[in-house]
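Peer 1: Chains as they are written, first to last, in my numbering: chain A, 380 to 878; chain B, 152 to 687.
Ideal Cβ placement from N, Cα and C applies to all residues, glycine included.
Below you'll find the structure I mean.
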Amino acid sequence: MRTLLFLTVFVIATCGLVYELIAGTVASYLLGDSVTQFSLVIGVYLFAMGMGSLLSKYLERDLLTWFVRIEILVGLVGGFSSTLLYLLFGSIDAFHVLLYVLVGITGMLVGVELPLLMRILKDQVEFRSLVANIFTFDYVGALLASIIFPLVLMPAIGILRTSYLFGILNIVVGLILLVRLKDQVRGVVFLRVMSLFCIAALLVAFVLADRVQRFTEALAYSGPIIHAESTPYQRIVLTREADGTRLYLNGNLQFSTYDEYRYHEALVHPAFMHRPDARRILVLGGGDGLAVREVLKHKRVQHVDLVDLDPAMTRLFSENDGFSQLNEGALRSSKVHVYNADAFQWLRQDTSSYDIVLVDFPDPNNYALGKLYTTTFYRTLAQRLDPRSIVAVQSTSPYVAAESYWCIHNTMRHEGFHVMPYHVYVPSFGDWGFFLASSSALKENMTPLDVQVRFMDENTFADACRFPPDMGWRATEVNRLNNQALVHLFEREWDRVGQ
Amino acid sequence: MNRRRSLKLIAAATAVPFMRCTTREKLPFPITMNGANAAIGHALRDGMLPAPSATTERSVVIVGAGIAGLSAARALAKAGLTDFILLDLESGPGGNSRAGSCRQGDFPLGAHYLPLPDPADTDLMDLMRECGACVGEDENGIPIYRDDYLCSHPQERLFHQGAWRSGVRPRAGLTAEEAAQFARFDAHVARCAQARDARGKWVFTVPMADMSQAVDVADRLDLDDITFAEWLDREGLTCAPLRWYLDYCCLDDYGADAGLVSAFAGLHYFASRRGVAANAEHGDLLTWPDGNGFLVKALNRHAEGRMHGGQLVHAVRLTGGNVAVDVYDVVQQRSHRFLADQVIMAVPRFIAGRLLGPLADGRDVQPHYAPWVVVNLALDAYPEERGGEPMAWDNVIHRSRGLGYVNSSHQVLDRVRGPIITHYRALATNDPAAARRAASERSAEDWVTDALDELRVLHPDIDERIVEGSVALWGHGMVIPVPGEISGEDRRRSAEPIEDRIHFAHSDLSGISIFEEAFHHGNRAAREVLEQLKSG
Ligand SMILES: Cc1cc2nc3c(=O)[nH]c(=O)nc-3n(C[C@H](O)[C@H](O)[C@H](O)COP(=O)(O)OP(=O)(O)OC[C@H]3O[C@@H](n4cnc5c(N)ncnc54)[C@H](O)[C@@H]3O)c2cc1C
């Protein structure tokens, strides 16, 4: 009997510390800045435990009954907190409040546990050894938790399953006491049913953890989040990795600072090789300003219009000092004019013409984006060009999504463009495709660049224009507003690789 | 009712032609009331309008500026005629195809789309080229349409069993027998679509007038004697998914279900479409953010300066060698007489009968009409979805009271603005007149509340998204092709000119309420008039 109770102390101590670690991990993961987050979480948690101890004195009778009730509650709250935090991150504004409320509740409940147990045991064990034993088991449990959490649990079963597992342990402890000491507990049947029900719920969650995970955005990122923002158009998330910063839009990787130069040099410089005297440039999409950074390397450029749907994106990358460093302050240049509008609508209203247009839209993974790759779009675009103008279009991966890639090609061809396909290797993305397009024939030999590049020079471009047979041209439907053929192809091809 | 009182009533109803009633406590956004101006219409029925105080002569007067009247005006203008006017009791042209507008943009108050036209319909193809919808032909002579006028993909989705599925036709979870019934129905339709009469003309085609003896064929097949539901029963096409689908289609096109419309009309919906385009599939359609308001604008270009709004025509009589058209000007509150050589009555049959009085002579037999309510809601952003397919142009709810909604911003290429959605409901019952009476007693708020009850299930946050609302109530929205309507004598009679001076043009004359029929009758009536002017 006494052994049972001391074992209980051991288990609940382990659970208590695990919840604290989980909360700290979740907080530093989602909110970044792990030192601050861990300190705050630990502080709030310990304080709440203190409050719990204080409150325990108001429980006068039926101590064992209370203990079992508390175990069920701790199991539930502790078990599901991380899930709740992950699910709601991004959809609620007061995320900090939710975080600390959950940490507080868990801490408080855990704080009630030990004083209660001490009082339950006080008549059976001499006070001196009671205190000594309780604290021994408590600290040993804590040690165990702090060792197995980072070394075993996180790598083996992940944060969600760890939470569920310890939730279950908490309730099981209560249940065992309930079964063994049922004559000292009131409402045995109800508590037993409740316990079993909650265990079952946690078990289901444990089994379905992978599905839950798919719903929780934050777990999709491999590194801690340093900025997250929901706008009417998309969810913007920046994470920090060992090798640099990454930008995700709606969970899709847009760039990694580690290799984005390859992507942006490939998007920008080939167009200049064909039109070295370009002065007026239009950039569609690309609110991160990285393409503009490459454009501004060309000293002849006098005027850049950047059209990006989302004011939050362009604001982030022009006003925030940290992020605007990534584009070397390109969006603050006096040559650059930023417009927040739908590119399609903007093109229709615009009346000027451009020497180079860089089309850097997200991949066509929904109908709204699919419209920006249609015959109608390219026809509208053509009105902003003169016969020597060059268009460069980012066009997804010709390796993973060959049909999508060539569908874009065929659509532009259908609208009378001369199209030159090329592709480069960008480690974060894989083999990535682009097109140069113009209303007149594109020359094979082009002018060498007079700017410093790390990747895209004339030789790289010459190689980039060669396609092995597995990425070679194929016939596809033309992408129109009334068939959205590209979105269908794109979904099929990327689904196949499970992205 | 004495005359003074009735005049006051008209003044009250017309001072604000599009009655603006900003709502009270319940709904937190402004609602505009649109649709047919019932108050003026009732004044006409009660027949208490002042006698004309002045007279003007005109070569041709067109009564009604709906699609039929506008089409007639266009045909006259294109033939070089200038001495004509177009009168409508509403302030603007368009009738059931009118558009409304709010800060966020334009939206349809009624008609929404035009199925791809049959290339053999030369008049309609001419309009298509004129309005920029048809931009050329491919090497086989197949028309090419402007991409952003063709309904964008996805065209339709169905909310069924808690999620959105693509297409309106139920496909998931059909039993073998149900699938077989769908296939049998398709086979019937295919046969009907191929059927020609003795002179080689299509039995089912649009416009109806081109069907030549189709009516007789229909008669022979007795398809116009029984309801569509009876015919389906007879053919053993009874399974629930098929019948729901066919009821939905009939409601959508005729404002009445398969139990009310004739078998001929039911099949006509499926078998009459011969539209093709080089850059679209069979069955595609043309639509615009302002619905068929786009076509109204295109037609109205020819009537610019000759279309007069706020003109309630209340009597049309033969006088000597002329036709007298008496008009009440709802703004100036006095009547005026036009003496015309030729008149085109481009108003519904139930109105034409009244205006003609003793002249009607059998043309005043009223067809059945389905009342419609159209609720437009301007949203500040796309609403939350319930899963499944993304928002389509037409969004239909399985087994619901309304017909679902159309995303009127579907063709808008600008993602910055929120959408305007157009919710449709046909008040279909066996007793449309009673439904009309009941409807006239409800407020704009009531209609919006009804629509919201349905929409909330699909979009939980819809209430928070709404910026503005608009309700259009069409008491006599569509003529219902009940059995006997299409093949009957009344319909034929109602299109017969009176003494080669008064001609008729309206979709009602076909017994089927669609753009092509109205357009056809407008053109035909204009040809009759030009013929008379030439010979007279
Ligand atoms: C809700 C709804 C949705 C529809 N959707 C479609 C659709 O998507 N596609 C389609 O093809 N068709 C649709 N229709 C059918 C539509 O009615 C026809 O397309 C077309 O607009 C009919 O034109 P009309 O000229 O025959 O008649 P109307 O539109 O009825 O025109 C008659 C005109 O006469 C005027 N008038 C009446 N009495 C008088 C008077 N005494 N004095 C002066 N003027 C008078 C009226 O104000 C009106 O402008 C829809 C109809 C409704 C009600």
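1) Along the chain, which unbroken stretches of the beta strand (DSSP E) at least 3 residues long are found entirely within the stretch 565 to 618 of chain B?
2) In angstroms, rounded to a whole number, what distance separates the CA positions of N629 of chain A and Y520 of chain B?
3) With C-beta atoms as the reference, is I615 of chain A less than 8 Å away from A521 of chain A?
4) Examine chain A for any beta-carbon lying closer than 8 Å to the beta-carbon of L564 of chain B, and answer yes or no.
5) How is C394 of chain A classed by DSSP in three states: helix, strand or coil?
6) In whole angstroms, give me the CA-to-CA distance for N861 of chain A and R590 of chain A.
7) For F501 of chain B, I'd like the list of residues in its chain whose CB is within less than 6 Å of its CB, leaving aside the five on either flank, ordered along the chain.
8) Could you tell me whether the Cβ of H610 of chain B comes closer than 8 Å to any Cβ of chain A?
9) So within the stretch 712 to 771 of chain A, which uninterrupted beta strand (DSSP E) runs reach at least 3 residues, ignoring any that extend past its ends?
10) Is S819 of chain A helix, strand or coil when you go by DSSP?
11) Name the DSSP bridge partner or partners of G192 of chain B?
12) Looking at the C-beta of R859 of chain A, does it have a partner C-beta in chain B at a distance below 8 Å?
13) Nearest chain A C-beta to A677 of chain B closer than 8 Å, yes or no?
14) Do we get a CB-CB distance below 8 Å when we pair N473 of chain B with the residues of chain A?
15) Can you pull out the residues from the stretch 298 to 312 of chain B whose beta carbon lies closer than 9 Å to at least one beta carbon of chain A?
16) Quick check on the DSSP output: the alpha helix (DSSP H) that includes N838 of chain A runs from which residue to which?
17) Could you please give me the residues that DSSP links to E620 of chain A through a beta bridge?
18) Would T754 of chain A count as contacting chain B if we go by Cβ distances under 8 Å?
19) Taking Cβ-Cβ distances shorter than 8 Å, what residues in chain B pair up with P611 of chain A?
20) Output yes if chain B places a C-beta closer than 8 Å to the C-beta of A720 of chain A; else output no.
21) Provide the residue span of the alpha helix (DSSP H) that contains N443 of chain B, from first to last.
22) Return no unless some Cβ of chain A is closer than 8 Å to the Cβ of P440 of chain B.
23) Heavy atom of ligand 1 less than 7 Å from the Cβ of P268 of chain B, yes or no?
24) For D484 of chain A, write down the residues that DSSP places opposite it in a beta bridge.
25) Considering L265 of chain B, what are the terminal residues of the beta strand (DSSP E) in which it resides?
26) If you draw a straight line from the C-alpha of G483 of chain A to the C-alpha of C577 of chain A, how long is it?
27) Between the C-alpha atoms of C696 of chain B and L374 of chain B, what's the straight-line distance to the nearest angstrom?
28) Does Q416 of chain A have its Cβ less than 8 Å from a Cβ in chain B?
29) According to the neighbour-count rule (16 or more other Cβ atoms, all chains shown, within 10 Å of its Cβ), is A584 of chain A buried or exposed?
30) Can you round the beta-carbon distance between I513 of chain A and L488 of chain A to whole angstroms, since I take them to be within the 8 Å contact cut?
31) Determine which residues of the stretch 663 to 689 of chain A have a Cβ less than 9 Å from any Cβ of chain B, and write them out in chain order.
32) Give me the DSSP bridge partner(s) of R347 of chain B.
33) Under a CB-based cut-off of 8 Å, is P268 of chain B close to chain A?
34) Any C-beta of chain B within less than 8 Å: which residues of the stretch 502 to 531 of chain A qualify?
35) Answer yes or no: do E307 of chain B and V547 of chain B have a C-beta to C-beta separation smaller than 8 Å?
36) Could you work out which residues of chain A lie near A529 of chain B, taking near to mean beta carbons separated by less than 8 Å?
Peer 2: So, from the data block:
1) 571 to 577
2) Position 250 of the first sequence, counting from 1, holds the residue named residue 629 of chain A. Position 369 of the second sequence, counting from 1, holds the residue named residue 520 of chain B. Computed Cα separation, rounded: 50 Å.
3) Start at 1 with the first residue of the first sequence, and residue 615 of chain A comes out as number 236. Start at 1 with the first residue of the first sequence, and residue 521 of chain A comes out as number 142. Going by C-beta atoms, I615 of chain A is not nearer than 8 Å to A521 of chain A.
4) Locating residue 564 of chain B in the second sequence gives position 413, counting from the first residue. Yes, because at least one Cβ of chain A sits closer than 8 Å to the Cβ of L564 of chain B.
5) Here the question's residue 394 of chain A lines up with position 15 in the first sequence. Three-state result, C394 of chain A: helix.
6) One-based indexing of the first sequence puts residue 861 of chain A at position 482. One-based indexing of the first sequence puts residue 590 of chain A at position 211. Taking the straight line joining both Cα atoms gives about 34 Å.
7) Position 350 of the second sequence, counted from the first residue, corresponds to residue 501 of chain B. Counting only Cβ-Cβ distances below 6 Å, and skipping sequence neighbours, we find Q517.
8) Along the second sequence, read from residue 1 onward, the residue named residue 610 of chain B stands at position 459. For H610 of chain B, the closest Cβ of chain A is not nearer than 8 Å.
9) 715 to 718 and 733 to 739
10) Within the first sequence, the letter at position 440 stands for residue 819 of chain A. Note: S819 of chain A maps to coil in three-state DSSP.
11) Your numbering for residue 192 of chain B matches position 41 in the second sequence. According to DSSP, which records beta bridges pairwise, G192 of chain B is partnered with nothing at all.
12) Here residue 859 of chain A refers to the residue found at position 480 of the first sequence. Output row for R859 of chain A: interface = yes.
13) Along the second sequence, one-based indexing puts residue 677 of chain B at 526. No, no contact with chain A.
14) The sequence position of residue 473 of chain B within the second sequence is 322, counting from 1. By this cut-off, N473 of chain B is not an interface position.
15) Shown in chain order are the members of the stretch 298 to 312 of chain B whose Cβ falls below 9 Å from a Cβ of chain A: D298, D299, L301, C302, S303, H304, P305 and Q306.
16) Here residue 838 of chain A refers to the residue found at position 459 of the first sequence. Residues E837 to A843.
17) Working through the first sequence from its first residue, we reach residue 620 of chain A at position 241. Beta-bridge pairing links E620 of chain A to A:G623.
18) Position 375 of the first sequence, counted from the start, is the residue given in the question as residue 754 of chain A. Yes - at least one Cβ of chain B is within 8 Å of the one on T754 of chain A.
19) Position 232 of the first sequence, counted from the start, is the residue given in the question as residue 611 of chain A. By Cβ distance, chain B contributes A532.
20) On the first sequence, residue 720 of chain A is found 341 positions in, with the first residue counted as 1. Closer than 8 Å to some Cβ of chain B, the Cβ of A720 of chain A qualifies, so yes.
21) Working through the second sequence from its first residue, we reach residue 443 of chain B at position 292. Run containing N443 of chain B: none; DSSP gives neither H nor E here.
22) Along the second sequence, one-based indexing puts residue 440 of chain B at 289. So, not an interface residue.
23) Walking along the second sequence from the start, residue 268 of chain B turns up at place 117. No, the beta carbon of P268 of chain B sits no closer than 7 Å to any heavy atom of ligand 1.
24) Within the first sequence, the letter at position 105 stands for residue 484 of chain A. A small fix is needed here, since residue 484 of chain A is Ile in this sequence, not Asp. Beta-bridge pairing links I484 of chain A to no other residue.
25) Here residue 265 of chain B is taken as the residue at index 114 of the second sequence, counted from 1. Element bounds for L265 of chain B: Y264 to P266.
26) To locate residue 483 of chain A, count along the first sequence from 1; it is residue 104. To locate residue 577 of chain A, count along the first sequence from 1; it is residue 198. Straight-line Cα distance between these residues: approximately 21 Å.
27) Summary: the structure shown does not reach residue 696 of chain B, with chain B confined to residues 152 through 687, and so no result is reported for it.
28) Here residue 416 of chain A refers to the residue found at position 37 when the first sequence is read from its first residue. With 8 Å as the cut-off, Q416 of chain A does not count as an interface residue toward chain B.
29) Counting from 1 along the first sequence, the entry for residue 584 of chain A is found at position 205. By the 10 Å Cβ count, A584 of chain A comes out buried.
30) Taking the first residue of the first sequence as position 1, residue 513 of chain A is located at position 134. Taking the first residue of the first sequence as position 1, residue 488 of chain A is located at position 109. Not really, about 18 Å apart at Cβ, beyond 8 Å.
31) L688
32) Position 196 of the second sequence, counting from 1, holds the residue named residue 347 of chain B. In DSSP, R347 of chain B forms a bridge with B:W353.
33) Translated into positions along the second sequence, residue 268 of chain B becomes position 117. No, because no Cβ of chain A sits closer than 8 Å to the Cβ of P268 of chain B.
34) none
35) In the second sequence, residue 307 of chain B corresponds to position 156, counting from 1. In the second sequence, residue 547 of chain B corresponds to position 396, counting from 1. Cβ distance < 8 Å, so E307 of chain B and V547 of chain B count as in contact.
36) Here residue 529 of chain B corresponds to residue number 378 of the second sequence, with the count starting at 1. Going along chain A, no residue has its Cβ under 8 Å from A529 of chain B, so there is no contact; the nearest lies around 16 Å.
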